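One structure below.
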Amino acid sequence: MQLPLKLLESIKDITGFDKEAFQGVHESGEQVTSVRLNPFKPVKQFPNPPAGWAGFPIPDSKIPWCETGFYLEKRPSFTFDPIFHAGCYYVQEASSMFLEQALKQTTDLSKPLKVLDLCAAPGGKSTHIQSLISKDSLLVSNEVIRSRVNILKDNIIKWGCGNVVVTNNDPKDFARLENYFDVIVVDAPCSGSGLFRRDPEAIEEWSEGNVQLCSQRQQRILADVLPALKKNGVLIYSTCSYSKEEDENITDWLIREFSLDYSPLTIRPDWRIADTNKGYRFWPDKLQGEGFFLACFRKTAGDEVAVIKSRELPGQLNKKELELIKEWVETDTVNFVRNKNTVYAWPKNVFNDFNYLLEKMNVIYSGARVGELIRDKLVPDHALAMSSLLKINISKTEVSYEQAVRYLQRKELITGAVHKGWNLVTYLDRPLGWANVLPGRVNNYYPKELRILKDK
Ligand code: SAM
Numbered sequence: 001m002q003l004p005l006k007l008l009e010s011i012k013d014i015t016g017f018d019k020e021a022f023q024g025v026h027e028s029g030e031q032v033t034s035v036r037l038n039p040f041k042p043v044k045q046f047p048n049p050p051a052g053w054a055g056f057p058i059p060d061s062k063i064p065w066c067e068t069g070f071y072l073e074k075r076p077s078f079t080f081d082p083i084f085h086a087g088c089y090y091v092q093e094a095s096s097m098f099l100e101q102a103l104k105q106t107t108d109l110s111k112p113l114k115v116l117d118l119c120a121a122p123g124g125k126s127t128h129i130q131s132l133i134s135k136d137s138l139l140v141s142n143e144v145i146r147s148r149v150n151i152l153k154d155n156i157i158k159w160g161c162g163n164v165v166v167t168n169n170d171p172k173d174f175a176r177l178e179n180y181f182d183v184i185v186v187d188a189p190c191s192g193s194g195l196f197r198r199d200p201e202a203i204e205e206w207s208e209g210n211v212q213l214c215s216q217r218q219q220r221i222l223a224d225v226l227p228a229l230k231k232n233g234v235l236i237y238s239t240c241s242y243s244k245e246e247d248e249n250i251t252d253w254l255i256r257e258f259s260l261d262y263s264p265l266t267i268r269p270d271w272r273i274a275d276t277n278k279g280y281r282f283w284p285d286k287l288q289g290e291g292f293f294l295a296c297f298r299k300t301a302g303d304e305v306a307v308i309k310s311r312e313l314p315g316q317l318n319k320k321e322l323e324l325i326k327e328w329v330e331t332d333t334v335n336f337v338r339n340k341n342t343v344y345a346w347p348k349n350v351f352n353d354f355n356y357l358l359e360k361m362n363v364i365y366s367g368a369r370v371g372e373l374i375r376d377k378l379v380p381d382h383a384l385a386m387s388s389l390l391k392i393n394i395s396k397t398e399v400s401y402e403q404a405v406r407y408l409q410r411k412e413l414i415t416g417a418v419h420k421g422w423n424l425v426t427y428l429d430r431p432l433g434w435a436n437v438l439p440g441r442v443n444n445y446y447p448k449e450l451r452i453l454k455d456k
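For the sequence shown, the working numbering puts the final residue at 456, and the numbers step up evenly by one.
And the structure:
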C-alpha cells in the first residue's frame, strides 16, 4: 500500500502524526470491526450462539468513548445475522462513535432538543444521535443526494425511531429554519484519506486538488446551514480526512468568519486521541479505529427562539379508524395523521414541529408509518414491526435461525403459527417483520426491497 507522498508530506507536522507507525498500520492490513448496540432493542445473551449470531458483546471489547460501542474479534456475516436485520445493532467505524462525547459534553441531552444531522446517509450518526437524545426531542436526518435517501430512511426505520424526520434538502434550504436547531451535526463529505486502510482503492482517487475542492465545499455547506443554529446552539463538525485544509483550517475559518466559540472536550489520555487545540484527531496507529477528525463550536449570535407558525393540520383519523389503530399501537405518546390511506404516528410533543417541517422542507419520511387503511382494516407496515410503538399483545410467531433467514430472503415459511391473520415474526424475541397466516399457507410480508438476495 503506497500512501500518497504529498499527503504524508502535508500532514507531517500535525500533533500525533508518526510517519513510520502510520505507514506500518496501513501496510499491516489489519481491519477493525465494530458495532453499536441499539439501547431500545436489547439483545438476549445466549450461552451457545446459533450459527450466524455475531456473538457479542465481547465483555472486554468496549469502545471507550461510546457506551454502546463494541469491537468484534472478527467480521461475521452480518447479512446472515437476523438480529442485524432486526435493528439491534449498527455496524459502525469506532472513531466516529466519538460523536457521543461531543454531544454529551456540550449539551444537556435530558432536555427536549431539536437536532439536525445535515449529511446523514447512510445513517450511522443519525441512529447514534437518536439513541442519545430524549424521547421529547426531534432529529432531522437530512441527505442531499436523492439516491442515498432511501438507505437512510431504511436504517431509521430499522432502528425503530419515532422522533425522526428524514429530509432530502440542499444545505441552503435550511435557511428556511432560522434559529431552529439546538445542535447541528455536519459530518462533511471529504477527500476520505481516513479510510485508506479499509479501502485502499480510494488512494488512487486522492489528490491535492480534490482536498482543495472538498475544503471549499465544506465551507459552503457550513456557511449555508449556520443560520439554522440557534444562539447558544452547538455545531459539531467532523470528517474522515487527515488533511488540515478539511480539518483545523476549517476550525480557523469558522471562528474567523462566524460568531462561534470553539468548545473543547475532555478526553482521557488512555483513549490516545490527539488534541490539536482545534479539534480531535484519530490516528489509526494510536488507537483502534480509522482516521477521523471532530471539532465542536457554540454559536454566540442569533436568537434563542425560532418562530414556528403552524399550518393547516394534515389529514386526521375518524373515531372508528382511531379505535382500529388503537388495537395495534400504543397511543399514549403519539397522534396520528394520514396521507390518503397511509397512517403515520407522530410524537405528541413535537407534533407541531413535524407539521412545520412538512411545510418547509422536502420530507421523505416522518415518525413511524403505521400502515394502510383498506376496507375498514389495517394492513400493518414494516416500520410498525420495527417500532416500539407496537402493542405487546400482537400475535407473534417465534422462528428458528434457519426460518428467520428464509423469512428475510422472502421465501416461503413454515412457522407453526397458532394465530391466524397478522403475526409478527420474531427471532430471539426480536421482531423481523410481518407474516399473514392463512389456512394452509403463510404469506411473507418482508419488504421486497430489503430482502437478502444471496443464498447461504
Ligand atoms: N453521517 C453519515 C453516517 O454517519 O453514516 C456519513 C456521511 S458521509 C461522510 C457525507 C454525506 O454528505 C454523504 O451522504 C454525501 O452524500 C453527503 N453530501 C455530498 N455532497 C454534499 C453537499 N454538497 N451537501 C451536503 N451533503 C453532501
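We put the CB at the ideal spot given by N, CA and C, even for glycine. Predicted model, so just to flag it, every value in this text is computed and none were measured.
| Asked | Found |
| --- | --- |
| Going by alpha carbons, who is nearest to residue 226 out of 432, 198 and 186? | 186 |
| Less than 8 Å between the C-beta atoms of residue 384 and residue 370, yes or no? | yes |
| Starting from residue 324, trace the alpha helix (DSSP H) in both directions and tell me its first and last residue. | 319-326 |
| Could you tell me the boundaries of the beta strand (DSSP E) in which residue 236 lies? | 229-239 |
| Kindly indicate which three-state DSSP category residue 315 falls into: helix, strand or coil? | strand |
| What ranges does the alpha helix (DSSP H) occupy inside the region 397-442, keeping only unbroken runs of at least 4 residues that lie completely in it? | 401-408 |
| What is the residue span of the beta strand (DSSP E) that residue 36 lies within? | 33-37 |
| Considering only the alpha carbon of each residue, which of 98, 404 and 290 lies closest to residue 267? | 98 |
| Within this structure, are the beta carbons of residue 191 and residue 241 separated by less than 8 Å? | yes |
| Is the separation between the beta-carbon of residue 152 and that of residue 123 shorter than 8 Å? | yes |
| Can you determine whether any heavy atom of the ligand SAM sits closer than 7 Å to the C-beta of residue 166, and answer yes or no? | no |
| Any heavy atom of the ligand SAM inside 7 Å of the beta-carbon of residue 187? | yes |
| State yes or no: is the C-beta of residue 243 nearer than 7 Å to some heavy atom of the ligand SAM? | no |
| Measuring alpha carbon to alpha carbon, tell me which of 210, 24, 367 and 454 ends up nearest residue 408. | 454 |
| Thinking just about the alpha-carbon of each residue, which of 31, 310, 102 and 196 is nearest to the one in residue 235? | 102 |
| For residue 342, does the three-state DSSP call read helix, strand or coil? | strand |
| Per DSSP, which one or two residues make a beta bridge with residue 127? | Per DSSP, none; premise fails for residue 127. |
| Which residue's Cα is closest to the Cα of residue 388: 182, 341, 254 and 135? | 135 |
| For residue 249 and residue 436, what's the separation of their Cα atoms in angstroms? | 57 Å |
| Going straight from the alpha carbon of residue 132 to that of residue 293, what length do you get? | 21 Å |
| Could you tell me how far apart the beta carbons of residue 22 and residue 283 are, in whole angstroms, since I believe they sit closer than 8 Å? | 7 Å |
| Assign residue 161 to one of three DSSP states: helix, strand, or coil. | coil |
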